[in-house]
Amino acid sequence: MSPSQSELLHEKLVQAQSSGRKSQARIGIENNTSATHAPGEPAQQEKENPSPKPELSGKIYHPQTAFNPTEDATSDIKPAAENDASFNTFTLFLKLPAEIQLNVWKFAAKPEPRDIQVTLSKETINAVDKGYLKAITPPPAILHTCHDARVAGLKTYKTKAFIVERKGREEEEIIYAIPELDTIIVHLPKWTPGLSAPFRGTSATASHTTSRWQDSAHAMWYI
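Everything in the sequence shown is counted per the UniProt record's numbering, starting at 1 for the first residue and increasing by one.
Here it is as structure tokens:
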């Protein structure tokens, strides 16, 4: 075989090997493309006519309007105006059951220590040195709220009635007190005749004076 024939044969072998490698590469690409699609369905057709997506049913979740737990839940709450009457007024009390109303009045009549102040009035003082005791401290509010409240209050507070003379007429002066808790403070004016200084501004516990409630109104306070 001549040198020219050998070179020609070698060139043909190189071309054949190169052609074979290209065929194998083309076959591999086709196999990879067909693996991502259904058998027998060309890739180009799917790109041109994509299959329709299923429609969603029901409510669609919107992240923009979803509740954010980190957001301050009180951001929309406006502060109440100062001295708002709605916080101090309850207009539906009479619509509550009677049992609840009575329990409210019983709770309101709970005993608490009080200072009960009385004084000596000189409206009727004359030559015989007459006077009468007058309560300065008003009665407990529960006693003049309503009938049920007064009934509950009278179970807590004890009463002492004094017969006093005002402008020639006898009248009744009532003091409401809890003998075990309250303190009665007597204010005797400086003009009171016949009394020494230690008796002016004398104070005594109501429990002490209750044992002397049968005595006269004046003697009761001079302890």
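Every residue, glycine too, gets a C-beta built ideally from N, C-alpha and C.
Neighbour-count burial assignment, I116, 16 or more Cβ in a 10 Å radius: buried
Cutoff 7 Å: N88 Cβ touching any chain D Cβ: Note that chain D does not occur in the displayed structure, where there is just one protein chain.
Option nearest K190 by Cα separation, candidates E180, S121 and P140: S121
Local conformation of A112 per DSSP, three classes: Rather than Ala, the amino acid found at residue 112 in this sequence is Glu. In this structure, E112 counts as coil in the three-state DSSP scheme.
Contact check, A152 vs K106, beta carbons under 7 Å: yes
Span of the beta strand (DSSP E) around H187: T183 to H187
CB of A109 within 7 Å of CB of I142, strictly: yes
Coarse secondary structure for I142, derived from DSSP in three states: helix
Own chain, CB closer than 8 Å to L102, minus 5 neighbours either side, in chain order: D148 and A152
Candidates E99, E112, A98 and Q15: closest to P179 by CA position: E112
Euclidean distance between Cα positions of H187 and T145: 28 Å
Unbroken alpha helix (DSSP H) run spanning L154, endpoints: H147 to L154
Residues of its chain near R114, where Cβ-Cβ distance is below 6 Å and the 5 sequence neighbours each way are ignored: D182
Classification of P140 by the beta-carbon crowding that lies within 10 angstroms, buried from 16 upward: buried
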